[in-house]
Amino acid sequence: MTAKQEIETLKQSLHEYDHLYYVKNSPIISDQEYDALLRRLEELEAAHPECVSPDSPTQRVGGKVDERFKAVVHPAPMLSLDNTYNVDEVRAFHQRVLRGLPDIPEDDIEYVVELKFDGLAVALTYEDGLLVSGATRGDGLQGEDITANLRTLRSVPLKIDTEPFKRIEVRGEVFMPKKEFERINAKREAEGETPFANPRNAAAGALRLLDPAITAERRLDIFIYGVGFLSRNPFQTHYELQEKLSALRFPVNEHNRLCKNFESALALIEEFRDKREELDYEVDGLVIQLNSLAYRKKLGATSKFPRWAVAYKYEAEQAVSEIMDIVCQVGRTGSITPVAELRPVFVSGSTVSRATLHNEDEIKRKDIRVGDQVVIEKAGEIIPQVVRVIESSKERGAPFKMPTACP
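In this text, residue positions in the sequence shown follow our numbering: the first is 161, and each later residue adds one.
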């Protein structure tokens, strides 16, 4: 076997192992075996630099640090979703769909229900099977080029089958798994740094880092939920398209459901209300959308939202507690974060006794003082924070003031 042939064999094997590990959660080799194969590929490519290609697993991390992010124009707008907060609003959406499709029997209308991830929307473009561009949603019309950072996500395929599409832009949501969020925050607290408020903020910050090697250390992940452009589109339904994306080794969420009628779609709201807490990523709602691509085209979109989809958002669980004290946490760089010491209270699956107050301006805006009864919730259902004061103590403490010297 020539060096070039061995390089190609190693690339194919490592791509397969990445897919099994990061997308299917079914690794078939140990980390040590994987690392040995990767090191062998690195050695061969170092000896034969003419054989290094953009789709090589060695090219995920270690590229040049970007001086700035370039603007990327999306081939089709990346629209937001209209939000609903109760079942009646979701039913009203279904009625709007029926009015917009007067010639279609209600029995012929199918929905696809997907989890609504609390992450960052991105677009990935592939040409001739190779990943050539990755961008943030931005303002919906254009975003920022974060290709180097997105390449560090091990679940993002660097190369796909070229047979179906010469060019395809897929869209997905980048997120930070809960376990990774907890690991990073524990590390930051141990080093005296301010912890991230929630996984979404942590993921957003990681995606916009100028050094992709640091982004790689944050261990972000992604789910692909749709497309913005196809060089050809043989598909009749969204669900059929998702199955094809999965076959192309894109990470498509396993909990996507095809619903033959609206009522079965509606039932999933309650099914996932508690089930979402068991997942290792933040889910703040569900996306309910038409399955038929032809019906979607008929309904169209407003300047902000598609008329064929709606998001149902779960309310964050809240609890009432009392501010026992306000203390200051000093970061490694000297930054000071005020923290509320609380009467212990159970919220969103755990007992909370401390909550971030963010900064002095936030304390002043909410007029938080020792002795106050306050509403607590978990930001991103992870980090406890004080939402508002609901009852002040009769003899309130003095307004909080940040220390003028290091505590």
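Where a beta carbon is used, it is the ideal one built from N, C-alpha and C, also for glycine.
Check: DSSP state of F616, grouped into three classes?; Outcome: Within the shown structure, residues of the chain are numbered from 161 to 567, placing residue 616 beyond reach of any answer.
Check: Residues in the same chain with beta-carbon distance under 6 Å from N309, minus the five sequence neighbours each way, listed in chain order, please.; Outcome: L367, P372, T375
Check: Decide if G572 is buried, meaning its Cβ has at least 16 other Cβ atoms within 10 Å, or exposed.; Outcome: One cannot answer for residue 572 here, as it falls past the ends of the chain, which runs 161 to 567.
Check: Is the beta carbon of K276 closer than 8 Å to that of C211?; Outcome: no
Check: For N243, does the three-state DSSP call read helix, strand or coil?; Outcome: strand
Check: Report the partner residues of E329 according to the DSSP bridge assignment.; Outcome: T285, F389
Check: Determine the closest residue to E520 out of M336, S391, P498, E403, with distance taken between C-alpha atoms.; Outcome: P498
Check: Quick check on the DSSP output: what are the complete beta strand (DSSP E) runs of length 3 or more inside the region 488-531, in order along the chain?; Outcome: 496-507, 510-516
Check: Which runs of the alpha helix (DSSP H) fall wholly inside the region 364-389 and span at least 4 residues, in chain order?; Outcome: 372-377
Check: I'd like the span of the beta strand (DSSP E) that includes I448, first residue to last.; Outcome: 443-450
Check: Kindly indicate the opening and closing residues of the beta strand (DSSP E) around T307.; Outcome: First-last for T307: 307-310, but that is the alpha helix (DSSP H), not the beta strand (DSSP E).
Check: What residues are listed by DSSP as bridge partners for V470?; Outcome: I448
Check: Would you report the Cα separation of Y472 and M484, rounded to the nearest angstrom?; Outcome: 36 Å
Check: Could you give the residue range of the beta strand (DSSP E) that holds E304?; Outcome: 302-304
Check: Terminal residues of the continuous beta strand (DSSP E) containing E274?; Outcome: 271-277
Check: Within the same chain, show all residues whose beta-carbon is closer than 7 Å to that of K464, passing over the 5 residues directly before and after it, in chain order.; Outcome: L239, S240
Check: Just tell me which of V505, P235, S293 has its CA closest to the CA of A479.; Outcome: V505
Check: In chain order, what residues of the same chain have a beta carbon less than 6 Å from the beta carbon of T285, not counting five sequence neighbours either side?; Outcome: V292, S293, E329
Check: Who are the Cβ neighbours of A252 in its own chain at under 6 Å, not counting the five residues just before and after it?; Outcome: none
Check: For V409, does the count of other Cβ atoms within 10 angstroms reach 16, so buried, or fall short, so exposed?; Outcome: The displayed chain sequence assigns Arg, not Val, to residue 409. R409 should be labelled buried.
Check: Is DSSP giving K171 helix, strand or coil here?; Outcome: helix
Check: Mind checking S452: buried by the 16 CB within 10 Å criterion, or exposed?; Outcome: buried
Check: Using only CA atoms, which one of E377, Q449, D444, E430 lies nearest to G386?; Outcome: Q449
Check: Following the continuous beta strand (DSSP E) through V290, name the residue where it begins and the one where it ends.; Outcome: One point to set straight first is that residue 290 is Leu, not Val, in the sequence displayed. Taken as a continuous stretch (DSSP letters only), the beta strand (DSSP E) holding L290 covers 290-296.
Check: Is it true that the CB of L201 sits closer than 8 Å to the CB of P214?; Outcome: no
Check: Can you give the Cα-Cα distance for T244 and R525, rounded to whole angstroms?; Outcome: 28 Å
Check: Look at the alpha carbon of N345 and the alpha carbon of A231, and state the distance between them as a whole number of angstroms.; Outcome: 31 Å
Check: Would you call the region 327-343 in contact with the region 379-396, where contact means no fewer than 3 C-beta pairs closer than 8 Å?; Outcome: yes
Check: Could you tell me if I528 is buried or exposed, where buried requires 16 or more neighbouring beta carbons within 10 angstroms of its beta carbon?; Outcome: buried
Check: Within this structure, are the beta carbons of S481 and R503 separated by less than 8 Å?; Outcome: yes
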